[in-house]
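Accompanying notes for the structure given below.
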Amino acid sequence: MAGETNLSKLVREMSPKLNEGSYVFSTVKNINDIARIDTICEFKENEGTTVVIEKHKADALKLDYNYVAAWITLKIHSSLEAVGLTATFSSELAKNNISCNVIAGYYHDHIFVNKNDAVKAIQVLTSLSGT
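So this is what it looks like as structure tokens:
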């Protein structure tokens, strides 16, 4: 099933949802030291593998991190070929001094914001969508 590509519809129906918990970005040299079931996502870079993982799991694994995030999921099924959605919401968050780190899954876009900005980010995104 193909995702939505119409930018107006994507913004109007994005339905941001704040997921429970705290999340961190860490980097590891050997991904095999972490059970795959524990990671939210992984990205291989030359310097190591970046993992996004729940904070309490990172603490248990003694992983280093310096950024604690909240995870927001846009509930609309956006196409990987959609143009402008990330630019639209990231610009609006930036206007409100909120940094965001975006990860696109097959079905949804996922936004990680500083944990302290979670409520404000949801307000900004909800206002943007007009809901």
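Residue numbers for the sequence shown follow the working numbering, beginning at 559 and rising by one. Beta carbons: idealized from backbone N, C-alpha and C, even for Gly.
Following the DSSP letters along the chain, one finds LEU576 inside the beta strand (DSSP E) bounded by residues 574-586. Listed as beta-bridge partners of ILE592 by DSSP are no residues whatsoever.
If you look at THR644, you'll find it in the alpha helix (DSSP H) that goes 643-653. The C-alpha of THR684 lies about 12 angstroms from the C-alpha of LYS633.
In the DSSP assignment, HIS668 falls within the beta strand (DSSP E) that extends over 667-672. In this structure, the beta-carbon distance from LYS575 to THR644 does not fall below 7 angstroms.
Beyond the five residues adjoining it in sequence on each side, SER636 comes within less than 7 angstroms, by CB distance, of GLY561, GLU562, LEU568, LEU643, HIS666 and ASP667 in the same chain, given in chain order. Ranked by Cα distance from ALA676, the first of ALA618, GLY579, THR646 and LEU565 is GLY579.
When ARG570, ALA662, ASN577 and GLY606 are compared, the shortest CA-CA separation from GLU612 is found for ASN577. Around the beta-carbon of PHE601, fewer than 16 other beta-carbon atoms lie within 10 Å, marking it exposed. Looking at the backbone, the Cα of ASN564 and that of ALA640 are separated by about 7 angstroms. With fewer than 16 other Cβ atoms from the protein chains shown falling within 10 Å of its own Cβ, SER566 counts as exposed.
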